[in-house]
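Q: Just so we're aligned: the sequence shown equals residues 4 to 713 in my numbering.
Backbone N, C-alpha and C fix where the C-beta goes; we use that ideal spot for every residue, glycine too.
Just so you know, these numbers come straight off a predicted model, no measurement behind them.
To start, I am sharing the structure in question, which I have written as structure tokens.
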Amino acid sequence: MSSPFESRELSEDYLHRVYAGVLGKLIGVYIGRPYEGWTHQRVLEELGHVRYYINDHFNEPLVITDDDVSGTFQFVRALEEHGVSENITSKQIGQTWLNNVIEHRTIFWWSGRGISTEHTAFLNLKNGIPAPLSGSIDVNGKTVAEQIGAQIFIDGWALVSPGNPKLAAKFAKAAGSVSHDGESVYAAQLWAAMEAEAFYTKDVDRLLDIGLSLIPQDSLIAHVIGHVRQWVKEDNNWLKTRQRIEDKYGYEKFHGICHVVPNHAVMIMTILYAAHDFDEAMHIINTCGWDTDCNSGNVGCLVAIINGMSSFDGRDWRGPIADRALISSADGGYSINNAARIALGIANLGRQLKGLEPIEAPKRGAQYHFTLPGSVQGFQVHRVDDDQGTASVSQGLDEHGEPALAIKLDQLGSDVPIEVSTETFTPQEIKIMRTYDLMASPLIYPGQTIHFKISSSSNSSGDALVAVRLQVYTNSEKLRAVDASELLLSPGKTASLELLIPDDMESQPIHRVGLAIRSNPATKFNGTIWLERLYWQGAPTMTIRRPESRPCDFWYRSWVNGADSLNRKLDRSLYISQAKGEGIILYGTRDWDNYRVVIPKFTVILGAPSGVAIRAQGLNRYYSLVFVKGGRLAIVKALDSERITLVSADLQWSLDDDYHITIEAQGDTITASVGDISLTATDSQYKDGALGLIATDGSISTDEIRVEAL
């Protein structure tokens, strides 16, 4: 067996192992989230042994926003922001925090300075204390610095370091030190190293030995692991070992809300007992109690990497989540997500770190391609009544041997269609989700054309009528179906469907996209319809304004709010206020590349610089046209903490006056105008991104925004 510290070639199943790891993380978090913080004794008394999802016991949705998911898959994207390099620094990862974390709203448990370690570190970063000082014991004290957070966010860093535990530990230290220090960072380094090495070995003792070789041998984490290994050998009973852990390393032995040591100990115990049995690993780690979602997520990722996609051959862990993931950050187009999309992005970062070309986007860049084993990418069946027949979705190979989504239908009704669709915006359940907000923009918009390629199996019977379906929010916060014209699909036939999304939805966000399917009234349909791909391209063409009738909560939720206040009740559609510094609200996704923004009436009420952003990639990365104090107009590039003036001109503008603004980006050229004043700048860093409105030390307002694809 080769040394873990030598260069290794990527295994052929690298992408599939990454996908397994992402699924393991999601499954683990979603099992443990509803009763996070419970003791083992309370778990047994109220829930019994936990062997499956128990969200229904709490009357909660299964797929929810959670810091463990959001932080894990957002922070590794620092490699995209700062360059794919083995030498990324804590300082750079801290800048990614500031670009993607919205204070009091996204990713973290915002419980206050000195209580939440992440909140404490964020305030340090915001106040100019760079990482790694932002997370250090010297700045924050030992108790705050040694809570669990460094460990819970490191899976992404391990997934980009397959077979390179030393690199994974290096990444984990850089990332963990943004917010933590001491034993917390050692735990993160060790777990990341084990996950990286797990791509090449299933030997748990070898994984532990490698992890231990990368942290101080006199650390408490190393001593804890030594004890747990010995107890497992002596006990041969995880319940007995868990009690030993509680007796020696239980919560009462440490200060703080959620110390890393007790939780790390039960994680080590779990993999020693059940590293090769995903079902049993989930049972043990979740029945142990304490920080169940964090512990279960890390264990789920590691065990899934070790065993690959076979991890999920037992219980139906995948069906209920259907690949779905919610990631709350300032990148609104990454919020409504799925495991396949996340895995492909992470695997490409791993390939680039190896000096390899990224994997070509499947099926000519289709957003939904169903090429990973078992992946349904969020597609689920929605039905109105039993008379519609039965339906199910799964991934498989169509009659041409191509991966696709199999929509299996039996006794399909002819009156009311069955809907098979995937979420493209915030679900209605957001209103009952606890603790963590979801910041998101829709994935699709008016003016974009969505394309489907479908076929009917040759052994199907009868004809089906198939239409593209959108589910759009209404002013009463319910959903209404918008269907395109139906197409007759006969057995053995292939067809393409497309829909140019109309701009007649009162700017309301589109919640789901998919297919509406019913039988041709003359012939009952039974069989399988294959969805090969679904895709769209480019920026939209649409008008954005507040719906005339109220309430319109989901319209406001389609803006990623990075300002102090986004007012809902005044005369104009949007009033943005920022008490101190810069505030920005964002709308759109990274699919938006070449487009123009036109605002007929833009008003600076107080403060400056204020204006409109384009190609925004977070809170601190964008181009903008801004009104500057002293009578200037400028095109400015935001690059983390810097605001770089690319070009400017004199303009004696005034508070409370309305200005007609235009800004567009095409290729490397940014052009903007206010009245007769035009500016042009050239820059190549940001190729795509959302639009934004900026207020600094004051407020702005506007009533209508026109977006035009170029």
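I need the straight-line Cα distance from residue 243 to residue 212, nearest angstrom please.
A: Their Cα atoms are separated by approximately 24 angstroms.
Q: Near residue 107, what residues of its chain come up, given a Cβ to Cβ distance below 7 angstroms and the 5 sequence neighbours on each side ignored?
A: For residue 107, where only same-chain residues beyond five positions count, the Cβ hits under 7 angstroms are 113.
Q: Inspect the CB distances between the segment 140–150 and the segment 256–266 and report whether three or more fall short of 8 angstroms.
A: The segment 140–150 is in contact with the segment 256–266.
Q: Residue 455 bridges to which residues according to DSSP?
A: Beta-bridge pairing links residue 455 to 500 and 537.
Q: Do the segment 191–198 and the segment 301–317 make contact, defined as three or more Cβ pairs closer than 8 angstroms?
A: They touch, by the three-pair rule.
Q: Rounded C-beta distance between residue 346 and residue 305? I'm assuming under 8 angstroms.
A: Actually they do not touch by this definition, with Cβ atoms about 16 angstroms apart.
Q: Our contact map puts residue 419 next to residue 387 with C-beta atoms below 8 angstroms; I'd like the distance itself, whole angstroms only.
A: Confirmed, about 5 angstroms.
Q: Any idea what DSSP makes of residue 219, helix, strand or coil?
A: Three-state result, residue 219: coil.
Q: Please confirm whether residue 506 and residue 445 have their CB atoms less than 7 angstroms apart.
A: Cβ atoms of residue 506 and residue 445: not closer than 7 angstroms.
Q: Counting Cβ pairs, one atom from each stretch, are 3 or more of them under 8 angstroms apart for the segment 450–462 and the segment 540–555?
A: Result yes; three or more Cβ-Cβ pairs closer than 8 angstroms.
Q: If you compare alpha carbons, which of 14, 432, 340 and 131 is closest to residue 202?
A: Taking only the C-alpha atoms, the option nearest residue 202 is 14.
Q: Classify residue 708 as helix, strand or coil using the three-state DSSP reduction.
A: Strand, per DSSP.
Q: If you run the structure through DSSP and keep just helix, strand and coil, what is residue 649?
A: Three-state DSSP puts residue 649 in a strand.
Q: Along the chain, which unbroken stretches of the alpha helix (DSSP H) at least 4 residues long are found entirely within the segment 649–692?
A: Listed in chain order, nothing qualifies, since the segment 649–692 has no complete alpha helix (DSSP H) run of 4 or more residues.
Q: What distance in whole Å lies between the Cβ atoms of residue 415 and residue 396, which are believed to be in contact at a cut-off of 8 angstroms?
A: Not a contact, Cβ separation roughly 14 angstroms.
Q: Is it buried or exposed for residue 173, if we count other Cβ within 10 angstroms and need 16 for buried?
A: Under this definition residue 173 is a buried residue.
Q: Where in the segment 274–346 do unbroken runs of the alpha helix (DSSP H), each at least 4 residues long, occur, reported from the N-terminal end onward?
A: If we require 4 residues or more, the alpha helix (DSSP H) runs fully inside the segment 274–346 come out as 281–290, 295–310 and 321–324.
Q: Scan the segment 562–648 and note each continuous beta strand (DSSP E) run of 3 residues or more that stays entirely inside, going in chain order.
A: Listed in chain order, the complete beta strand (DSSP E) runs (minimum 3 residues) inside the segment 562–648 are 563–565, 568–570, 577–590, 598–609, 613–619, 624–631 and 635–642.
Q: What's the call for residue 491, buried or exposed, on a 16-neighbour Cβ count within 10 Å?
A: Residue 491 comes out exposed.
Q: On the premise that residue 341 lies in contact with residue 383, defined as a C-beta separation below 8 angstroms, what is that separation, rounded to the nearest angstrom?
A: Rounded, the Cβ-Cβ distance is 12 angstroms, inconsistent with contact.
Q: Does the beta-carbon distance from residue 631 to residue 612 come in below 7 angstroms?
A: Cβ distance < 7 angstroms, so residue 631 and residue 612 count as in contact.
Q: Can you pull the DSSP bridge partners for residue 78?
A: None, per the DSSP bridge assignment.
Q: Within 10 angstroms of its Cβ, does residue 425 collect 16 or more other Cβ (buried), or is it exposed?
A: So residue 425 counts as buried.
Q: Please report whether the beta-carbon of residue 706 lies at a distance below 7 angstroms from any beta-carbon of chain C.
A: Looking for chain C here will not work: only one protein chain is present.
Q: Looking at the unbroken alpha helix (DSSP H) that takes in residue 187, where does it start and where does it end?
A: Residues 186–200.
Q: Can you list, in chain order, the residues of its chain with a C-beta nearer than 6 angstroms to that of residue 576? Leave out the 5 residues immediately preceding and following it.
A: The residues are 548, 549 and 706.
Q: Assuming residue 31 and residue 302 form a contact by the criterion Cβ under 8 angstroms, report the distance between their Cβ atoms to the nearest whole angstrom.
A: Rounded, the Cβ-Cβ distance is 6 angstroms, consistent with contact.
Q: Does the pairing of the segment 592–606 with the segment 76–88 give three or more beta-carbon distances under 8 angstroms?
A: No, the segment 592–606 is not in contact with the segment 76–88.
Q: Would you list the one or two residues that DSSP bridges to residue 695?
A: Answer is 589 and 616, bridged to residue 695.
Q: Determine the DSSP secondary structure at residue 268, reduced to helix, strand or coil.
A: If DSSP states are grouped into helix, strand and coil, residue 268 belongs with the helices.
Q: If contacts are defined as beta-carbon pairs under 8 angstroms, then residue 664 and residue 677 qualify, I think. What distance do you get, rounded to the angstrom?
A: 6 angstroms between Cβ atoms; contact.
Q: Within 8 angstroms, do at least three Cβ pairs link the segment 63–71 to the segment 327–338?
A: Yes, the segment 327–338 is in contact with the segment 63–71.
Q: Quick check on residue 466: buried or exposed, where buried means 16 or more other Cβ atoms within 10 Å of its Cβ?
A: So residue 466 counts as buried.
Q: Does the Cβ of residue 378 have 16 or more other Cβ atoms within 10 Å, making it buried, or fewer, making it exposed?
A: Buried, because 16 or more other Cβ atoms sit within 10 Å of the Cβ of residue 378.
Q: Rank 413, 133 and 63 by C-alpha distance to the C-alpha of residue 92 and give the top, closest one.
A: Here the closest residue by C-alpha is 133.
Q: Check whether the Cβ atoms of residue 207 and residue 278 lie closer than 7 angstroms to each other.
A: Yes, the Cβ-Cβ distance between residue 207 and residue 278 is below 7 angstroms.
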